[in-house]
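Residue numbers (my numbering): 1101 to 1445. Positions of the beta carbon are idealized from the N, C-alpha and C atoms, including for glycine. Input: a single structure, listed below in structure tokens.
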């Protein structure tokens, strides 16, 4: 099940009838290959991505924040739905972004314990953090289309979308950009190939090429967390004095502070913090703006990463291309014009 082909066989067994019908329809619309992926997403339901078994961690809002983050680490997950026992419903998600916001808001010095992290309950943190900006949980029905799921992820600028059964109220799965793109990649060779797959990132203007947030090897960790909070980015290329990319610090790396119990000292440098990576790091994954969209999709899916750093011939950072950039280009560019306007403006 963990291998690419194992997953492909499982998905094919679950979706073979749907795929046959979809490909039959594609033969009729060969002149409209440009939006083949939009139609693919509209013809599949969120339920099609729900595996027969998967790990799902749920936290009650009465749980201490510190214990919740330790539980994320011990279970190897990045987020968890939040259950409010008083309201008897899911009210939100606890993510690594919450951990970052708590550290950045309450950290003072290595000598002062972060009381709010040690003692606050999740519900207390939510009251303080949300205040008057309360936003209801964004979720989706298993019967909704994957097109609706992609639209929701992009429109709300979120990275995780809980699939909740409207009848039982149970959370079945957490959809992400990565899982949706991986599902599409499993069947992409069986669909008509749009011409834009052979175009480059530069030609298609896919990615972010201006005002790229970066940090240096000696940037303090607290300042780095501040960039995450203020600019709402998910990863920061680490560059040397010449702008060459030497590493990358992502939001996911921050959870290592909980794993190592080293979150009480945020005065250390990014380089020092990266020494605590829990997994083997094989280097920064990069690409060129001159590479084709097809090549970029393959690299993202095979490497199972959330973004690639766009560099020039001297390895100087020129931009970032993320999974959300790719999904927006593949699924929405030729789809819902009104939705696109809401994403842009």
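query: Among 1202, 1228, 1231 and 1226, which has the Cα closest to the Cα of residue 1217?
result: The residue you call residue 1217 lines up with position 117 of the chain shown. Taking only the C-alpha atoms, the option nearest residue 1217 is 1202.
task: Report yes if the C-beta distance between residue 1389 and residue 1418 is below 8 Å; otherwise report no.
output: The sequence position of residue 1389 within the chain shown is 289, counting from 1. The sequence position of residue 1418 within the chain shown is 318, counting from 1. Yes, the Cβ-Cβ distance between residue 1389 and residue 1418 is below 8 Å.
field: Any alpha helix (DSSP H) of 4 or more consecutive residues that is wholly inside the segment 1193 to 1259
entry: 1196 to 1206, 1215 to 1219, 1222 to 1230 and 1246 to 1255
query: What number of angstroms, rounded off, separates the C-alpha of residue 1348 from the C-alpha of residue 1267?
result: In the chain shown, the residue the question calls residue 1348 occupies position 248. In the chain shown, the residue the question calls residue 1267 occupies position 167. Roughly 43 Å separates the two Cα atoms.
- prompt: Going by other Cβ atoms of all chains shown within 10 Å of its Cβ, with 16 needed for buried, is residue 1381 buried or exposed?
  reply: Mapped onto the chain shown, residue 1381 falls at position 281. It is exposed - the Cβ of residue 1381 has fewer than 16 other Cβ atoms within 10 Å.
query: Would residue 1210 be called buried (16 or more neighbouring beta carbons within 10 Å of its own) or exposed?
result: Residue mapping note: residue 1210 aligns to position 110 of the chain shown, counting from 1. Label assigned to residue 1210: exposed.
message: Just to confirm, is the Cβ distance from residue 1158 to residue 1181 under 8 Å?
response: Start at 1 with the first residue of the chain shown, and residue 1158 comes out as number 58. Start at 1 with the first residue of the chain shown, and residue 1181 comes out as number 81. Yes, the Cβ-Cβ distance between residue 1158 and residue 1181 is below 8 Å.
task: Using the Cα positions of residue 1240 and residue 1143, report the straight-line distance between them to the nearest angstrom.
output: Taking the chain shown and counting its residues from 1, one reaches residue 1240 at position 140. Taking the chain shown and counting its residues from 1, one reaches residue 1143 at position 43. Answer to the nearest angstrom: the Cα atoms are 16 Å apart.
- prompt: With which residues is residue 1189 paired in a DSSP beta bridge?
  reply: For the purposes of this step, residue 1189 is taken as the residue at position 89 of the chain shown. Beta-bridge pairing links residue 1189 to 1184.
message: Suppose the cutoff is 8 Å on Cβ atoms and the five residues either side in sequence are ignored; what does the same chain contact list for residue 1275 look like?
response: On the chain shown, position 175 is the one that residue 1275 refers to. Only 1146, 1149, 1240, 1249, 1253, 1260, 1261, 1262 and 1263 meet the Cβ criterion.
query: Given that a residue counts as buried once 16 or more other Cβ atoms are within 10 Å of its Cβ, and exposed if not, what is residue 1152?
result: In the chain shown, residue 1152 corresponds to position 52, counting from 1. Under this definition residue 1152 is an exposed residue.
Which listed residue (1383, 1318 and 1327) has its alpha carbon closest to that of residue 1204: Taking the first residue of the chain shown as 1, we reach residue 1204 at position 104. With distances taken between Cα atoms, residue 1204 lies closest to 1327.
task: Would you list the residues sitting across from residue 1316 in a DSSP beta bridge?
output: Sequence index remark: in the chain shown, residue 1316 carries index 216 (1-based). 1339.
query: Taking DSSP as the reference, what is the three-state secondary structure of residue 1429?
result: Here residue 1429 corresponds to residue number 329 of the chain shown, with the count starting at 1. Looking at residue 1429 - three-state DSSP - the assignment turns out to be helix.
query: To which residues of the same chain is residue 1431 closer than 6 Å at the C-beta, ignoring the five residues directly before and after it?
result: For the purposes of this step, residue 1431 is identified with residue 331 of the chain shown, where counting begins at 1. Once the five neighbours on either side are set aside, the close Cβ partners of residue 1431 are 1137, 1138, 1141 and 1250.
query: Which of the three DSSP states, helix, strand or coil, is assigned to residue 1361?
result: Numbered from its first residue, the chain shown carries residue 1361 at position 261. Three-state result, residue 1361: coil.
message: Distance check for residue 1409 and residue 1420, CA to CA, integer angstroms please.
response: Against the chain shown, residue 1420 aligns to sequence position 320. Against the chain shown, residue 1409 aligns to sequence position 309. Going by the C-alpha atoms only, they are around 5 Å apart.
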